[in-house]
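>
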C-alpha cells in the first residue's frame, strides 16, 4: 500500500470519499489540508466528513472547489441518536427533531 502522501500524484478512481478521522480543520492539520486539496477525484460523486459543526472544513472546501456534493456528519449523528432514543424510550422521532436539538444545544457549549 502506498503512503498517503502519494495519493495526489494520480487520479483516484473513487465515487465516494469518507473522512472518518477527527481532523477537518486546516488549523488541526495544515499539511493534510494541503494534501486533500490536491487530490484528483475525476469520478467522485460525494464527499462525506463524519465531523460536523466546523467553521472551517478542508474536506468541504475541497469538495466545493471540485464541484462534488458534500455532507457533514450531522445527519449520521442525528440518525444514530434517533435510533438510540427509540430503543431506550420506545418513542420514534424524526431525524429533523434530533438535528434541531443538536443545533440548539451547540450554542450552550
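Residue numbers (the working numbering): 3 to 111.
Backbone N, C-alpha and C fix where the C-beta goes; we use that ideal spot for every residue, glycine too.
#1: Kindly indicate which three-state DSSP category residue 110 falls into: helix, strand or coil?
#2: Counting beta carbon pairs with one atom in the region 59-71 and one in the region 83-92, are three or more of them shorter than 8 angstroms?
#3: In terms of alpha-carbon separation, which member of 47, 6, 80, 38 lies closest to residue 17?
#4: Do residue 70 and residue 37 count as a contact pair if the criterion is CB distance below 8 angstroms?
#5: Can you give me the Cβ contacts of residue 93 inside the same chain, cut-off strictly under 8 angstroms, excluding the 5 residues immediately before and after it?
#6: Would you say residue 40 and residue 13 are within 8 angstroms of each other, going by their C-beta atoms?
#7: Just list the residues that DSSP pairs residue 7 with in beta bridges.
#8: How many Å lie between residue 111 and residue 35 at the Cα?
Quick look at the numbers:
#1: Because residue 110 sits at a pLDDT of 44, beneath the cut-off of 50, its placement in the model cannot be relied upon, and the following sentence gives the value as read from the coordinates. Residue 110: coil per DSSP, three-state reduction.
#2: no
#3: 47
#4: no
#5: 87
#6: no
#7: Residue 7 pairs with nothing; no bridge assigned.
#8: Because residue 111 carries a pLDDT of 40, less than 50, the predicted location of this residue cannot be relied on, and the following value inherits that uncertainty. Using only the alpha carbons, I get a separation of about 26 angstroms.
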